[in-house]
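Peer 1:
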Amino acid sequence: MNLLKSRETVLGVAILALLALIASRFPGFVTPSNLARVLTDTSPLILLALGQMAVILTKCIDLSVAANLALCGMIAALMNGAGVPLPLILVAVIALGAALGAVNGLMVWKLGIPSIVVTLGTMTIYRGTIFLLTNGAWINAHQMSEGFKAFPRTVIAGLPVMTWIALAVVAGVAVLMNRTALGRAFHAVGGNPHAAVYTGISVGRTQFAAFVLAGALAGLTGYLWVARYAVAYVDIAGGFELDVVAACVIGGIAIAGGSGTVAGCVMGALFLGIIKNALPVVGISPFWQMAISGAAILIAIAFNATSQRETGRIILKQAEHLT
Amino acid sequence: MSTTTRQIPDRLTSPLSRALKSWEALLLVVAVAIFIANSLASPYFLDPWNLSDASFNFTEKAMIAFAMAMLIIAGEIDLSVGSIIALASTVMGAAAAAGAGTPSLVVLGLGTGLVCGAFNGLLVARFGLPSIVVTIGTMSLFRGISYIALGDGAYTQYPGSFAWFGQGYVWWVITVELVIFALAALAFGILLHRTNFGRMVFAIGNNATAARFSGIRVEKIRFILFLLTGLMSGIAAICLTSRLGSTRPSIASGFELEVVTIVVLGGVSILGGSGSILGVVLAALVMGLVTFGLGLLNVPGIVMSIIVGLLLIAVIALPRLWTKLRL
Chain G
1 MNLLKSRETV LGVAILALLA LIASRFPGFV TPSNLARVLT DTSPLILLAL GQMAVILTKC
61 IDLSVAANLA LCGMIAALMN GAGVPLPLIL VAVIALGAAL GAVNGLMVWK LGIPSIVVTL
121 GTMTIYRGTI FLLTNGAWIN AHQMSEGFKA FPRTVIAGLP VMTWIALAVV AGVAVLMNRT
181 ALGRAFHAVG GNPHAAVYTG ISVGRTQFAA FVLAGALAGL TGYLWVARYA VAYVDIAGGF
241 ELDVVAACVI GGIAIAGGSG TVAGCVMGAL FLGIIKNALP VVGISPFWQM AISGAAILIA
301 IAFNATSQRE TGRIILKQAE HLT
Chain H
1 MSTTTRQIPD RLTSPLSRAL KSWEALLLVV AVAIFIANSL ASPYFLDPWN LSDASFNFTE
61 KAMIAFAMAM LIIAGEIDLS VGSIIALAST VMGAAAAAGA GTPSLVVLGL GTGLVCGAFN
121 GLLVARFGLP SIVVTIGTMS LFRGISYIAL GDGAYTQYPG SFAWFGQGYV WWVITVELVI
181 FALAALAFGI LLHRTNFGRM VFAIGNNATA ARFSGIRVEK IRFILFLLTG LMSGIAAICL
241 TSRLGSTRPS IASGFELEVV TIVVLGGVSI LGGSGSILGV VLAALVMGLV TFGLGLLNVP
301 GIVMSIIVGL LLIAVIALPR LWTKLRL
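Protein chains in written order, with our numbering: chain G, 1 to 323; chain H, 1 to 327.
Shown next, in the form of C-alpha cells:
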C-alpha cells in the first residue's frame, strides 16, 4: 500500500510510461545500448543532483554548483596543460570543489546569510574567476592530453568510466544518507531545526557539510565534463544549476527540507535526461527543452504539495492508526 | 533558517541621529564617494551626455527592483523577472513582425507581464507553493517559450515610433527611461510607505500568521505583489526592447541576479519584513555608477559581474561580521 503511493513508484511509472511512449514510435530508443548512452549522458546531472539533494535536505539551496563545475573543469584543463598527472588532477578538482563549497557553507554557517543570497553571489564570482584565469580563452581538444580526454570514456564492462563513477557515487551517497549519522543529520536539520539542536546536532555544521559534499561532487563533475566534451571555456554548463534543482524537485526532494530519497533524486535526473535525449529523436527542436523542464518543475512541485498535504508530517503513522 | 529575536530599545534615539546612522545614509555616502572617485579616474565621467547614457545601466533593472523590493519585504521572491522580459519582448516582436503599431505593442508588453505575474501569483498565493521553486520553474518556462518561438532567430522589425521608450529624450539629457524610473520610484515609495497596502506588506513579511489573524488577506496581497512585479517587468521589457531594437530569446538573461542585488544592497532584508524604496533608489544609483565607472576604465562585463557578486555578499556579510565581532 505504502509502496504504491510512494513518490518513487509514481516517478518510476512516469519514466516507464515516457519510455513506452517514445518506444511506440521509435523502438530504437529503448535498446540497451541507447539506454546506456542516455545514462552516461545524464551522469553529470545525477552527480550534481545528489550533492544538491544534501543541500536542499538541510533547507538550503546551492545555485553555484554549475559555476563551481565550470571553474574546476577549467582548472583541470589548465593543470593538464601544465603536465600534471591525471590522479593528481582528480584529487585537486575534488579538493577545490569542496573548498568552493566550503566557502558557501561557511557563510551560511558562521554568518547566517541565507543560502540563496550567498550562492547567487558566488555563482557569478566563480564563473567570473574562470575569465580572470584565462582572459576568456578556450581550451580545446588538441590542447588536452589523450589520457586526460580518454579516462571518462574508457569502457569497462560495457559502460564508460564516467557512468561507473556516477553509479559508485549513487551507492556512496545512498549509504551516507541511510546508514550514517551525518545522513540522518541532513534529514533532521531540514525536518525540524529546533528539534535537531535539542538532539545535539549542529544545524550550521550540518549545512556546511552538505555544501562541501555538493562542492566536491561539482568539482569531480567539472573534470568529467571538460574531459568528455573535450573543451573548457567560461560558459560551460551555463544554467545547469536550474536543471539540477529541477531534477531534485522532480525527484520529490521537498524544497522546505527534511524529506527526499536518493532513488527519487536519481530518477528525477533520469526523467530530465530521457526527455533531453528523446527530443531530437522524436523530432522536436532542442529549443523546446527549456520550456519542458520548466513545466516539469512546476508539475512536480504541484504534485509534491498535494501528496505531502495528505501524509503531512505524521511520524509513526502506523502507531497512530493503532491507537 | 534561524529565527532572530528583535530587540526593542527602551528609548528611541532622535530622528536626526537615526537618519544619519541609517543604511540609506551610508549608501548616499558610498554613492557620492564613487561619483567623486569616478570623476577623478576618468575625464569623460562628468559629461552630462555620458551620465545620461550611463543611466541605462540601472533604469530598467531598478523599475523591477521597486516591485521586487515589496515582494521580498513580504517574504517572497521572483526569480523569473528576466524571463518575463524575454517572453514579453518575444510577444511584442512577433506582433511587430505582423505589423502591429506602437500602442498595441505597449499593450501587449504590459499584458504579457501581467499574465506572467498572475501565473506566478496564482501558483504561490492560490496553491501555496514556495515562491523560490515556482519562479525557478517559470524562469525556465517563460524563457523556454521564447526559445520555442524564436530558436536562434531574432525579431528586429519594430516601428520607428516604438524607439521613443528606450531611445527618446523628454528634455535635454533627461531620457524617457529616467522619467519612468523616477515616476515608478515615487509611486512605489508612496505605495509602500504611505498606504495601508504598504503596511500590510510589512506585516506579512514580519509574521504572515499574525497578519492573517489581524484580518489581512495575505494571499490576495501576495498575488497583487506578483502581479506588480510582472507589470514592472513588462514595462522594463518595453524599454529594453525599444532601446535594443531587437529581440533574442537570451535578452535580459541574468537580470534577476542584478535586480535582487539592487534590492538587497538597498537594505531590504532578504528574510522579509524591512526595507525602503529610498534605499533601493540609492542602491540602483550605486550600481549604475559602479558599472559605468568600471566601463569607462575598460573593465570587461564579466569582471563587473564578479564585483556585483562580491558587493551582494559583502553588503550582507559585513554588518553580520561587525555585530559578531563586537559581541
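Note that beta-carbon positions come from the ideal geometry of N, C-alpha and C, so glycine has one too.
On a predicted model such as this, the values are computed, not experimentally measured, just so you know.
1) Let me know if tryptophan 225 of chain G comes out buried or exposed under the rule of 16 or more other beta-carbons within 10 Å of its beta-carbon.
2) Can you check whether the CB of glycine 258 of chain G is closer than 8 angstroms to the CB of threonine 138 of chain H?
3) Residues of the region 125-138 of chain G with a CB closer than 8 angstroms to any CB of chain H: list them in chain order, please.
4) According to a CB-to-CB cut-off of less than 7 angstroms, which residues of the region 64-95 of chain H neighbour chain G?
5) Are the beta-carbon atoms of valine 260 of chain H and leucine 120 of chain G separated by less than 8 angstroms?
6) Between the alpha carbons of alanine 185 of chain H and isoleucine 277 of chain H, how many angstroms are there, rounded?
7) Any beta carbon of chain G sitting closer than 8 angstroms to that of methionine 1 of chain H?
8) Apart from the five residues just before and just after glycine 190 of chain G, which ones in its own chain have a Cβ nearer than 7 angstroms to its Cβ?
9) List the whole-angstrom C-beta distance separating glycine 273 of chain H from phenylalanine 223 of chain H, where the pair is believed to meet the contact cut-off of C-beta under 8 angstroms.
10) Shorter than 8 angstroms from the beta carbon of isoleucine 251 of chain H to some beta carbon of chain G?
11) Using a Cβ distance threshold of 8 angstroms, determine whether the region 73-91 of chain G contacts the region 275-286 of chain G, with at least three qualifying pairs required.
12) In or out: arginine 179 of chain G buried (at least 16 other Cβ within 10 Å) or exposed?
13) Using the Cβ count rule (16 or more neighbours within 10 Å means buried), how would you classify tyrosine 127 of chain H?
14) For serine 52 of chain H, collect the residues of the same chain with a Cβ closer than 7 angstroms to its Cβ; drop the 5 residues on either side in sequence, then sort them by chain order.
15) Exposed or buried, what is glutamine 289 of chain G when buried is set at 16 or more other beta-carbons lying within 10 Å of its beta-carbon?
16) Rounding to the nearest angstrom, what Cα-Cα distance links proline 160 of chain G and alanine 168 of chain G in this structure?
17) Which residues bound the beta strand (DSSP E) around valine 170 of chain H?
18) Along the region 102-118 of chain G, what residues have a CB closer than 7 angstroms to any CB found in chain H?
19) Going by Cα to Cα distance, which pick from G:Leu242, G:Gly73, G:Pro152 is closest to leucine 133 of chain G?
20) Can you give me the Cβ contacts of threonine 124 of chain G inside the same chain, cut-off strictly under 8 angstroms, excluding the 5 residues immediately before and after it?
21) Work out the CA separation of valine 212 of chain G and alanine 305 of chain G for me, nearest whole Å.
22) Short of 8 angstroms in beta carbon distance, which residues of its chain neighbour leucine 294 of chain H, apart from the five on each side in sequence? Order them along the chain.
23) Buried or exposed: which applies to tyrosine 198 of chain G, given that a residue is buried once 16 or more other Cβ atoms fall within 10 Å of its Cβ?
24) With DSSP collapsed to three states, give me the class of isoleucine 335 of chain G.
25) Under a CB-based cut-off of 8 angstroms, is methionine 287 of chain H close to chain G?
26) Leaving out five residues before and five after arginine 199 of chain H in sequence, what residues of the same chain have Cβ atoms less than 8 angstroms from its Cβ?
27) Closer than 8 angstroms, CB to CB, is tryptophan 288 of chain G near chain H or not?
28) Does DSSP put proline 297 of chain H in a helix, in a strand, or in coil?
29) Is valine 29 of chain H helix, strand or coil when you go by DSSP?
30) Round the Cβ separation of threonine 247 of chain H and glycine 93 of chain H to the nearest angstrom and send it over; I've been treating them as touching at under 8 angstroms.
31) What in chain C is Cβ-close to arginine 248 of chain H, meaning under 8 angstroms?
32) Under the rule that 16 or more other beta-carbon atoms within 10 Å means buried, what is tyrosine 155 of chain H, buried or exposed?
33) Tell me the rounded alpha-carbon separation between glycine 245 of chain H and proline 300 of chain H.
34) Terminal residues of the continuous alpha helix (DSSP H) containing methionine 177 of chain G?
35) Using the C-alpha atoms, what's the distance from alanine 181 of chain G back to glutamate 320 of chain G?
36) Where leucine 265 of chain H and glutamate 177 of chain H are concerned, what is the direct C-alpha to C-alpha distance, given to the nearest angstrom?
Peer 2: If we stick to the structure as given:
1) buried
2) no
3) Ile125, Arg127, Gly128, Thr129, Phe131, Leu132, Gly136
4) none
5) yes
6) 7 angstroms
7) With a pLDDT of only 42 at methionine 1 of chain H, under 50, the local geometry of the prediction cannot be trusted, and no value is derived from it.
8) Leu57, Thr58, Lys59, Gly257, Gly258
9) Their Cβ separation, rounded to whole angstroms, is 19 angstroms, which puts glycine 273 of chain H and phenylalanine 223 of chain H out of contact at 8 angstroms.
10) For isoleucine 251 of chain H, the closest Cβ of chain G is not nearer than 8 angstroms.
11) no
12) exposed
13) A small fix is needed here, since residue 127 of chain H is phenylalanine in this sequence, not tyrosine. Phenylalanine 127 of chain H comes out exposed.
14) Listed in chain order, the non-local C-beta contacts of serine 52 of chain H below 7 angstroms within the same chain comprise Val173, Thr175, local neighbours out to five positions each way being set aside.
15) buried
16) 13 angstroms
17) For valine 170 of chain H, the enclosing beta strand (DSSP E) has its first and last residue at 169-171.
18) Met107, Leu111, Gly112, Ile113, Pro114, Ile116, Val117, Val118
19) G:Gly73
20) Ala67
21) 29 angstroms
22) Same-chain partners within the cutoff: Val303, Met304, Ile307.
23) exposed
24) The requested residue 335 of chain G is not part of the displayed model; chain G covers only 1 to 323.
25) no
26) none
27) yes
28) This sequence places leucine at residue 297 of chain H; proline is not what is there. Leucine 297 of chain H: coil per DSSP, three-state reduction.
29) helix
30) 4 angstroms
31) Included in the structure are the protein chains G and H, with no chain C among them.
32) buried
33) 23 angstroms
34) 161-179
35) A caution first: glutamate 320 of chain G carries a pLDDT of 48, below 50, which makes its placement in the model unreliable, though a value can still be read off. Between glutamate 320 of chain G and alanine 181 of chain G, the C-alpha separation is close to 27 angstroms.
36) 22 angstroms
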